[in-house]
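Going down the list, the sequences are from chains A and B. For the first sequence, my numbering gives the first residue as 1489, with consecutive numbering after it. For the second sequence, my numbering gives the first residue as 1489, with consecutive numbering after it. Scroll down for the structure; my scribbles are underneath it.
Protein chains: 2
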Amino acid sequence: MTEMGKIMGQIIMHSIGIIRSPYKESKDIPIQGTFKREAEAWLELKDKYVPGLKDLDKFSHAILIYYFHKSEREEIEGMPFLEQNKHGIFAIRSPHRPNHIGFSIVKIKSIKGNRMYFTEVDILDRTPLLDIKPYVGYFDSRDNVISGWLEKHFKDGNIPNKTVI
Amino acid sequence: MTEMGKIMGQIIMHSIGIIRSPYKESKDIPIQGTFKREAEAWLELKDKYVPGLKDLDKFSHAILIYYFHKSEREEIEGMPFLEQNKHGIFAIRSPHRPNHIGFSIVKIKSIKGNRMYFTEVDILDRTPLLDIKPYVGYFDSRDNVISGWLEKHFKDGNIPNKTVI
């Protein structure tokens, strides 16, 4: 953090790389990547971070944390896909949120040089990448989950069609 | 983002609140909160964000994204708990990582005013909070997960003892 960042109470971050995906506009993106498994994408890391990928290829899934660079507003409540009602911004996955932090779980396909290829993508092309973490089944996959307002849309094995997030 | 942030290629974030937990020092924290379920914690949001919690109480779990404020170094490879070998920083969950972004899944207990009470905590007291997202079983809980170097430590139902993360 720079000296000025500290003084102003800000937290200063930087892109560690970029995400490349088949989705050029928000309207093309599926609700979540897991529902359109065939789409392929990759991330390109800046050179200095490439050694950080060591041993990630032994994991099946990764968590990507990124910056919703196309969002130009911050909402406290929002209307999600599939709904006519507003919910609190912390009960939906909208990009128009405080700090504009995005989060996706993706399936690792391969790692070559500065690139990690993956599927199960729901991220816009040229999104700035902030972090990669290994997805750990023992911590990150939970049982007995109740998913609030989303339950009614997914009940009886239903998978909603693509819509605007 | 401020004008200066754009010019310098920086991404500027701010804390939306603070996390309060029983863990005052890193050495007190369990490997992951899910292995010490009884510990209780809460987060306190800044007033302007409180309406953002609407309907989050209908979810069983939340994703917290926060800032590892005690880390003063950035590593590209690191030695995780339980290991004598170095792994790439993106294959471990160490706080000493580019951008110092932390990620935890917690179990929601209740929401009252500007506070969300939760359990399954692995976060240091007074950690700055950056975002809250609903944990959605349909997207976030995955099957057929392979967890790389962690598999050997958890095999046959083993749960490792608390160690330094």
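Backbone N, C-alpha and C define an ideal beta-carbon position, used for all residues, glycine too.
Asked, Found
"Beta-carbon contacts of residue 1530 of chain B that lie in its chain and below 6 Å, excluding the five residues immediately before and after", "1508, 1603 and 1605"
"Spatial distance of residue 1492 of chain B from residue 1557 of chain A (CA atoms)", "Residue confidence is low: residue 1492 of chain B scores 49 on pLDDT, short of 50, so the model does not pin down where it sits. No coordinate-derived value is stated."
"Length of the line joining the Cα atoms of residue 1512 of chain A and residue 1612 of chain A", "6 Å"
"Proximity winner among A:1504, A:1497 and A:1499, relative to residue 1532 of chain A (alpha-carbon distances)", "A:1504"
"Any C-beta of chain B under 9 Å from that of residue 1634 of chain A", "yes"
"Simplified DSSP state of residue 1502 of chain A, which is helix, strand or coil", "strand"
"Buried or exposed by the 16-neighbour rule on C-beta atoms within 10 Å, applied to residue 1510 of chain B", "exposed"
"Proximity below 9 Å, CB of residue 1593 of chain A to CB of residue 1554 of chain A", "no"
"Exposure of residue 1646 of chain B, with buried meaning 16 or more beta-carbon neighbours within 10 Å", "exposed"
"C-beta atoms of residue 1500 of chain B and residue 1500 of chain A nearer than 9 Å", "yes"
"Closest Cα partner of residue 1579 of chain A within the set B:1597, B:1630 and B:1550", "B:1550"
"Contact with chain A by residue 1584 of chain B, beta-carbon distance below 9 Å", "no"
"The alpha helix (DSSP H) enclosing residue 1590 of chain A, as first and last residue numbers", "It is not in any alpha helix (DSSP H) - residue 1590 of chain A instead sits in the beta strand (DSSP E) that spans 1589-1600."
"Cα-Cα separation between residue 1653 of chain A and residue 1515 of chain B, rounded to whole angstroms", "Because the pLDDT at residue 1653 of chain A is just 39, under 50, the model does not fix this residue reliably, and the value given afterwards should be weighed accordingly. So the alpha carbons of these two residues sit roughly 40 Å apart."
"Where residue 1564 of chain A meets chain B, residues with beta-carbon distance less than 8 Å", "1536, 1537, 1539 and 1540"
"Limits of the unbroken alpha helix (DSSP H) element including residue 1639 of chain A", "1639-1642"
"Validate contact between the segment 1624-1631 of chain A and the segment 1565-1576 of chain A using beta carbons, cut 8 Å, 3 pairs", "no"
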